[in-house]
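In short: position in the sequence shown from 1, add 1, done, that's our numbering.
Every residue gets a Cβ at the ideal spot worked out from N, C-alpha and C, and that includes glycine.
Since this is a predicted model, take the numbers as computed values, not measurements.
Everything below concerns the one structure shown next.
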Amino acid sequence: MPLGFLSAGRRAERRAARHLSRLGFRIIERNIRTNHGEIDIVAIEDDCVVLVEVRFRREGAAAALKSLDARKIRAMRAAAVEYRRRERLRSTPLRIDLVAVSRRGRSWHLDHIRAAVDT
2 MPLGFLSAGR RAERRAARHL SRLGFRIIER NIRTNHGEID IVAIEDDCVV
52 LVEVRFRREG AAAALKSLDA RKIRAMRAAA VEYRRRERLR STPLRIDLVA
102 VSRRGRSWHL DHIRAAVDT
């Protein structure tokens, strides 16, 4: 992965975290490693733990959404199970959201999909 793309992805994650904070989410962790991949953002909304996948594509938000294939969805579910077990969140509501981020010139666009992946 080119270095510029990686830094653009990290900038997209920061933008997504700010967006979620403005919506009232409390960001508690970022870039959490599990045996099944990384959880980009862990947040709290009301009484629910929200695991957030941030997808960045220069081609637009639709391309970011399309980049979620069946293998990635399985990995996200497995990471959620592992995180729930590790953090002892058995009875705590948990969901997986998606924030699709795109950029055209200096303009950023974010699409937030709540409960994008069934847990």
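#### Entry: Alpha-carbon to alpha-carbon, Val82 and Ala44
The residue given as residue 44 occupies position 43 in the sequence shown. The residue given as residue 82 occupies position 81 in the sequence shown. Here the C-alpha atom of Ala44 lies approximately 16 Å from the C-alpha atom of Val82.
Checking the sheet assignment: what are the DSSP bridge partners for Gly38?
As a first step, residue 38 must be located in the sequence shown, where it is residue number 37. Thr35, per the DSSP bridge assignment.
Cα-Cα separation, Cys49 to Pro94:
What you label residue 49 is simply residue 48 of the sequence shown in a count that begins at 1. What you label residue 94 is simply residue 93 of the sequence shown in a count that begins at 1. Cα to Cα, Cys49 sits roughly 5 Å from Pro94.
Quiz item: Among Ala13, Ser68, Ala101 and Glu54, which one has its Cα closest to the Cα of Met77?
Solution: On the sequence shown, position 76 is the one that residue 77 refers to. Nearest of Ala13, Ser68, Ala101 and Glu54 to Met77, Cα basis: Glu54.
Query - Host alpha helix (DSSP H) of Glu88 (start-end) - result: For the purposes of this step, residue 88 is identified with residue 87 of the sequence shown, where counting begins at 1. Under the DSSP assignment, Glu88 falls outside any alpha helix (DSSP H); it carries neither an H nor an E label.
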